[in-house]
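Trainee:
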Amino acid sequence: MARKSDADVVSALQRLTDFDDATIKALASTGQTVHIPANWAMIFEHQPADKAYILLDGSVEIRKDGGVVATLQPGDVVGEIALVTGRLRSATVVTTTDVQALHFTAEAFEQLAAHNPAFAEALRDAAKHRIEG
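Counted the way my numbering counts, the sequence shown spans residues 1 to 133.
In structure tokens:
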């Protein structure tokens, strides 16, 4: 899987999200494109939150207490719940295919949310939806 260029990241975000151009450019310039191999645990349940991802290619399973509770696809945000709530990770995230994602540190994610109201609102909505099931 070839690493995405900045233009490819912007194009993928435009295709996969409903964010405006300014928010997409902020996401693309702040996040780091990473490749994660299949069957790799990206995030561990009950651990402190230090990162989040936006999936660009590939898929992941969300596992809670050992069982699969969801499968996420490109365009989905991964790891946002613990960052939004300030709690420990609520689930383990395991890649089911090779994944390319936009990686954000907790600090970068917080700055993006502070400066991009649409992004902050989308994060809160996604976290609320996932928490409520």
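Quick reminder that beta carbons are idealized off the backbone N, C-alpha and C, glycines included.
Might you give, ordered along the chain, the residues of its own chain that have their beta carbon closer than 8 Å to the beta carbon of Ala22, omitting 5 neighbours on each side?
Mentor: In the sequence shown, the residue the question calls residue 22 occupies position 22. For Ala22, where only same-chain residues beyond five positions count, the Cβ hits under 8 Å are Asn116.
Trainee: At 4 residues or longer, and completely inside the stretch 51-108: list those alpha helix (DSSP H) runs for me, N to C.
Mentor: 80-85, all fully within the stretch 51-108.
Trainee: Excluding the 5 residues preceding and the 5 following Ser90 in the sequence, name in chain order all residues of the same chain whose CB lies nearer than 6 Å to its CB.
Mentor: Looking up residue 90 in the sequence shown gives position 90. Hits under 6 Å: Ile81.
Trainee: Ignore the nearest five residues each way along the sequence and tell me which others in Arg130's own chain have a CB closer than 7 Å to its CB.
Mentor: Counting from 1 along the sequence shown, the entry for residue 130 is found at position 130. For Arg130, where only same-chain residues beyond five positions count, the Cβ hits under 7 Å are Ile81.
Trainee: Going by DSSP, what residues sit across from Val10 in a beta bridge?
Mentor: Numbered from its first residue, the sequence shown carries residue 10 at position 10. Paired residue(s): none; Val10 is not in a bridge.
Trainee: Measuring CA to CA, which of Val77, Tyr53 and Val60 is closest to Val69?
Mentor: Along the sequence shown, one-based indexing puts residue 69 at 69. Among Val77, Tyr53 and Val60, the Cα nearest to that of Val69 belongs to Val60.
Trainee: Quick one: is Ile125 buried, meaning 16 or more other Cβ sit within 10 Å of its Cβ, or exposed?
Mentor: For the purposes of this step, residue 125 is taken as the residue at position 125 of the sequence shown. It is Asp, not Ile, that sits at residue 125 in the sequence shown. Looking at its Cβ environment, which holds fewer than 16 other Cβ atoms inside 10 Å, Asp125 is exposed.
Trainee: Residues bridged to His35 by DSSP?
Mentor: The sequence position of residue 35 within the sequence shown is 35, counting from 1. Looking at the DSSP assignment, His35 forms a beta bridge with Gln100.
Trainee: According to DSSP, is Ala49 part of a helix, a strand, or is it coil?
Mentor: As a first step, residue 49 is located in the sequence shown; it is residue number 49 there, counting from the start. Correct three-state label for Ala49: coil.
Trainee: If we define contact as Cβ-Cβ less than 8 Å, is His129 a contact residue for chain B?
Mentor: No chain B appears in the structure shown, which is made up of a single protein chain.
Trainee: Can you check DSSP and say which residues form a bridge with Ala41?
Mentor: Working through the sequence shown from its first residue, we reach residue 41 at position 41. Note: Ala41 sits in a beta bridge opposite Val94.
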